[in-house]
Structures are given as C-alpha cells and as structure tokens.
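*Asks:* For reference, the structure I am asking about is given below.
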Amino acid sequence: MDPLSAASKIAGSGLEAQATRLRIVSENIANARSTGDTPGADPYRRKTITFGAEMDRAAGIEVVKVQKLGTDASDFIEEHDPNHPAADERGMVKLPNVNMLIEMADMREANRTYDANLQTIKQTRELVAATIDLLKGGQ
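Note that the working numbering has the sequence shown beginning at 1, numbered continuously upward.
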C-alpha cells in the first residue's frame, strides 16, 4: 500500500474510534442524573472505552480500533433526598458515577483528535491531487 493511502486508512480508523468515543461520552452525559427504578436500586454506571492498535493485514499497516467497551467500577454518588422515588430507607438516592468535568474533558479531547484525523485525510487528498497534477503535467 502506498504511503498516502496508508495515511488515509490510519486516519480513517482514528475517525471511527473517536466517533465511538464521542458516542460513549454522550451516553454518559445523557444519563448523568438517571437513577434506579426502585428504592436503593443501582443507577446508570459510567461507560468507558479503551483503544488499541490492530494490524490490518490486507493493507500491512496498524490502525486504531476500539479494544474494549467497559464500565467504571467506581462508587456511585449518594445524595440525601427522602422524597425521591428511588430513595432507600435512609432517604439516600444513588446517582451515577458520572463526573461532568471528566466527560467534558473527554469530549473536547475526542473532538480535537477527530478534527486532527479529518485534517490528515484532507491533506492526504490534497497531496494525491497535487501528485496527479504533476503526473499530468509531465505528459
């Protein structure tokens, strides 16, 4: 595989991985205040994502892939609200272990990485177009 095609394929895999990351972050943000259905029930548990390098044997290059989707095992947040339908006998409600600051930081990083991969693809296309123009001019 030529270097320009390889660069596009690697950047494309990065786009795919970061799009998945943005989806996971969005789910976490959307469920940041959700509670269990019954008193004392566990609420939504924050999702996590892990990336890894994987060999694309057909292209002979390493690309980024989602290695694992998991859940954050940290403790739930407890809040005293005896009138809440999900409150236990002590009046405590379990809230998801989602920290909005962490989610916003993850979202910004994923967005920047997505943009960087997109710019790589755009620049690769420009290089391919310039190469074709050079080859046409040589005939």
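Glycine is no exception: its CB is placed at the ideal position from the N, C-alpha and C atoms.
Quick one: Cα of Leu118 to Cα of Asp106, how far?
*Replies:* Along the sequence shown, one-based indexing puts residue 118 at 118. Along the sequence shown, one-based indexing puts residue 106 at 106. Straight-line Cα distance between these residues: approximately 18 Å.
*Asks:* The beta strand (DSSP E) that contains Glu78, what's its start and end?
*Replies:* Counted from its first residue, the sequence shown places residue 78 at position 78. Here the beta strand (DSSP E) through Glu78 covers 77 to 80.
*Asks:* Give the DSSP-derived three-state secondary structure of Met1 in the structure shown.
*Replies:* Here residue 1 corresponds to residue number 1 of the sequence shown, with the count starting at 1. Coil, per DSSP.
*Asks:* On the criterion of 16 or more Cβ atoms from any shown chain inside 10 Å, does Asn83 qualify as buried, or is it exposed?
*Replies:* As a working mapping, residue 83 is identified with position 83 in the sequence shown. The residue in question, Asn83, is exposed, as its Cβ has fewer than 16 Cβ neighbours within 10 Å.
*Asks:* Could you tell me whether the stretch 33 to 43 touches the stretch 88 to 95, where touching means 3 or more Cβ pairs closer than 8 Å?
*Replies:* Short answer: they touch.
*Asks:* Look at the Cβ atom of Ala6, then the Cβ atom of Thr120, and state whether they are nearer than 8 Å.
*Replies:* Counted from its first residue, the sequence shown places residue 6 at position 6. Counted from its first residue, the sequence shown places residue 120 at position 120. No, the Cβ-Cβ distance between Ala6 and Thr120 is not below 8 Å.
*Asks:* Mapping DSSP to helix, strand and coil, what is Asp56?
*Replies:* Counting from 1 along the sequence shown, the entry for residue 56 is found at position 56. Looking at Asp56 - three-state DSSP - the assignment turns out to be strand.
*Asks:* At which residue ranges does the stretch 74 to 115 contain complete beta strand (DSSP E) runs of 3 or more residues, listed in the order of the chain?
*Replies:* Here the runs fully enclosed are 77 to 80, 92 to 95.
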